[in-house]
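Trainee: Input: one structure, supplied below.
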DNA sequence: ATTAAATTTTACTTATCGACAAATTTTACT
DNA sequence: AGTAAAATTTGTCGATAAGTAAAATTTAAT
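Residue numbers (our numbering), protein chains in the order written: chain A, -12 to 210; chain B, -12 to 210.
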């Protein structure tokens, strides 16, 4: 065994290690998503993965390290959806935004639900603890939507931008909580978030825009 | 010892038992409110109350029995606030409703927070599990507010009553969750709920009413 | 003060968690 | 096939939870 051999060996092993890690991590996502964070234990994970508990420790470290890993993945995924285009038209904006999020979640529902649970547990969404200013970033986007809508003449400006912004964020957050903690499915989530956003815009919409928002709301509830 | 003696004895003892129970229950409320449900253990409660764990079992039964007791108390308290008068005017209605709730919570914040945590844990607020139809009852009240506002000419009727009703309930629910889980205090809770309610009404308000709602919102945010 | 019942406590059981070190097995390269 | 490193498991530890039975204490009446 020489130095070269050692490095080659390591690369193969590390590649396999990543595969094993991913396999177990997927099982963890499913377990958390279906049973909840409180019921999630390392022994349960080891059992379902067909390995022993120390193997989990070897691959991931502490239990909270698993949570941190889920959160890191979530952050990356969210940065993707944050950089989507934007519409000034409230109806278009609300529909596009709600649809973007839902289609993202649909891709891997287990993962997103598990990651949000982990994020809540670790306090990532607390304004105080959030280093990346996650909440702030979301609100910034909502604010840009409002400003654009105002600029393009869809809103009147009678309701303060900060109020509109805050309410846009709130309705989105409530829907997410309900979905993550299994009160509603993604269809209901879409309905709830879209209705909330349309309502917020409707508080300050021009008569013409308000008519379209009301029509969209009616259509949404008649399905 | 005769039958009469026994009954007299029992009445005194039972009265004391109730006093002890209440003392310990108050400690439990404070513990749950300040540390959260997950951190709440019977041994911690026994320690703070200066008794042993079996005493807790003797007085209350299982851990979940304590939760059930908190929930039962909450139900009674909520029935009180449910039977308050009602205003057709959205501004009055929102302010009165928000104020009523906040002043109720202020009376015994520890208890209400603990009881809501217990209620969430035991699934009382899930529409499916809720036998008393708690959620349904709350929504009914919101609905009556909307109908009254519509009848008295404050609303236009362009947005469906069911939508208005649902959104009124949602903004209230979100604020409550944030308060219970210690993200915000009761002042912020009041602000959040009131702003949410005013916004919902604003989606369908007549021009005159909308102007007053906007004014109220502005005032709320300039404090 | 005595006494009998109610209450509390001591001591224990059962179960589960996360975590770790040492020994064993597996793996991948030569 | 042999070998050395990497990975896994066995075995174990320490902590803490809920809950129970029986002994000891307290209580409130006589």
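C-beta atoms are modelled at their ideal positions from N, C-alpha and C, and glycine is treated no differently. Quick caveat: nothing in here was measured; it's all calculated off a predicted structure.
Below 8 Å on C-beta distance, what does residue 204 of chain B contact in chain A?
Mentor: Those within 8 Å of residue 204 of chain B in chain A are 146, 147, 150.
Trainee: Using the Cα positions of residue 161 of chain B and residue 180 of chain A, report the straight-line distance between them to the nearest angstrom.
Mentor: One C-alpha to the other measures close to 13 Å.
Trainee: Any Cβ of chain B within less than 8 Å of the Cβ of residue 187 of chain A?
Mentor: Chain B, which has a Cβ nearer than 8 Å to the Cβ of residue 187 of chain A, makes this yes.
Trainee: Going by beta carbon distance, what residues of the same chain come within less than 6 Å of residue 98 of chain A, once the five residues before and after it are set aside?
Mentor: Result list for residue 98 of chain A: 16, in chain order.
Trainee: Does the distance from the C-beta atom of residue 69 of chain A to that of residue 126 of chain A stay below 8 Å?
Mentor: Result no, Cβ atoms of residue 69 of chain A and residue 126 of chain A do not sit closer than 8 Å.
Trainee: Can you tell which of B:34, B:135, B:146 has the C-alpha that lies nearest to the C-alpha of residue 199 of chain A?
Mentor: Ranking the options by Cα distance to residue 199 of chain A, first place goes to B:146.
Trainee: Along the region 122 to 134 of chain B, what residues have a CB closer than 7 Å to any CB found in chain A?
Mentor: Within the region 122 to 134 of chain B, no residue qualifies.
Trainee: So, is residue 203 of chain A buried or exposed, given that buried needs 16 or more other C-beta atoms within 10 angstroms?
Mentor: Buried, since its Cβ has 16 or more Cβ neighbours within 10 Å.
Trainee: Between the region 40 to 47 of chain B and the region 5 to 25 of chain B, do at least 3 Cβ pairs fall closer than 8 Å?
Mentor: A contact exists between the region 40 to 47 of chain B and the region 5 to 25 of chain B.
Trainee: Give a yes or no on whether 8 Å exceeds the smallest Cβ distance from residue -5 of chain B to chain A.
Mentor: Annotation note: pLDDT 45 at residue -5 of chain B (below 50); position unreliable, coordinate value reported separately. Answer no: the Cβ-Cβ gap between residue -5 of chain B and chain A never drops below 8 Å.
Trainee: Assuming contact is defined by CB atoms lying nearer than 8 Å, are residue 151 of chain A and residue 81 of chain A in contact in what I supplied?
Mentor: No, the Cβ-Cβ distance between residue 151 of chain A and residue 81 of chain A is not below 8 Å.
Trainee: Quick one: grab the DSSP three-state call for residue 142 of chain A.
Mentor: If DSSP states are grouped into helix, strand and coil, residue 142 of chain A belongs with the strands.
Trainee: Roughly how many angstroms separate the alpha carbons of residue 1 of chain A and residue 176 of chain A, rounded to a whole number?
Mentor: Approximately 40 Å, taken between the alpha carbons.
Trainee: For residue 207 of chain B, which residues of its own chain have a beta-carbon under 7 Å away from its beta-carbon, when the five flanking residues on both sides are left out?
Mentor: So the qualifying residues of the chain are 178, 181, 182.
Trainee: Residue 190 of chain A versus chain B: which residues are under 7 Å apart at the beta carbon?
Mentor: Going along chain B in sequence order, the residues near residue 190 of chain A (Cβ under 7 Å) are 186, 189, 190.
Trainee: Pick helix, strand or coil for residue 192 of chain B, following the three-state DSSP scheme.
Mentor: In the structure shown, residue 192 of chain B sits in a strand (DSSP, three-state: E or B).
Trainee: Hey, residue 63 of chain A and residue 106 of chain A: beta-carbon distance below 8 Å or not?
Mentor: In this structure, residue 106 of chain A does not lie closer than 8 Å to residue 63 of chain A by Cβ.
Trainee: In the DSSP assignment, find the alpha helix (DSSP H) that holds residue 159 of chain A and state where it starts and stops.
Mentor: Residues 148 to 167.
Trainee: Buried or exposed: where does residue 5 of chain A fall if 16 or more other Cβ atoms within 10 Å of its Cβ makes it buried?
Mentor: So residue 5 of chain A ends up on the exposed side.
Trainee: Residues of chain B with CB under 7 Å from residue 201 of chain A, in chain order?
Mentor: Those are 145, 146, listed as they occur along chain B.
Trainee: Report the neighbours of residue 182 of chain A on chain B: residues whose CB is nearer than 8 Å to its CB, in chain order.
Mentor: Chain B residues near residue 182 of chain A: 150, 153, 154.
Trainee: What do you get for residue 281 of chain A, buried or exposed, if any count of 16 or more other CB atoms within 10 angstroms of its CB means buried?
Mentor: This structure gives no information on residue 281 of chain A, because the portion of chain A shown stretches from -12 to 210.
Trainee: Quick one: residues in its chain with C-beta nearer than 8 Å to the C-beta of residue 193 of chain A, no 5 flanking neighbours on either side, listed in chain order?
Mentor: Here the set comprises 140, 141, 142, 143.
Trainee: Listing by chain order, which chain A residues have their CB less than 9 Å from the CB of residue 113 of chain B?
Mentor: Residues of chain A passing the Cβ test: 170.
Trainee: So residue 69 of chain B is in the alpha helix (DSSP H); what residue range does that whole segment cover?
Mentor: Looking at the DSSP string, the run of the alpha helix (DSSP H) that includes residue 69 of chain B is 50 to 69.
Trainee: Just checking, does the region 20 to 29 of chain B make contact with the region 75 to 90 of chain B on the three C-beta pairs under 8 Å criterion?
Mentor: Not touching, per the Cβ criterion.
Trainee: Quick one: what's got a C-beta closer than 7 Å to residue 54 of chain B's C-beta in the same chain, skipping five residues either side?
Mentor: 105, 108, 109.
Trainee: Looking only at C-alpha atoms, which of B:166, B:173, B:205, B:101 sits nearest to residue 56 of chain B?
Mentor: The shortest Cα separation from residue 56 of chain B among B:166, B:173, B:205, B:101 belongs to B:101.
Trainee: Counting only the same chain and skipping the five closest in sequence on each side, list residues whose C-beta sits under 8 Å from that of residue 51 of chain A.
Mentor: Contacts found: 109.
Trainee: What did DSSP end up calling residue 122 of chain B once you bin it into helix, strand or coil?
Mentor: Correct three-state label for residue 122 of chain B: helix.
Trainee: Are the C-beta of residue 174 of chain B and some C-beta of chain A separated by less than 8 Å?
Mentor: Output row for residue 174 of chain B: interface = no.
Trainee: Is any beta-carbon of chain B found at less than 8 Å from that of residue 161 of chain A?
Mentor: So yes, residue 161 of chain A belongs to the interface.
Trainee: If you follow the alpha helix (DSSP H) that residue 96 of chain A is part of, which residue opens it and which one closes it?
Mentor: That run of the alpha helix (DSSP H) goes 96 to 108.
Trainee: Using a beta-carbon distance cut-off of less than 9 Å, what residues from the region 9 to 23 of chain B approach chain A?
Mentor: Residues passing the 9 Å Cβ filter: none.
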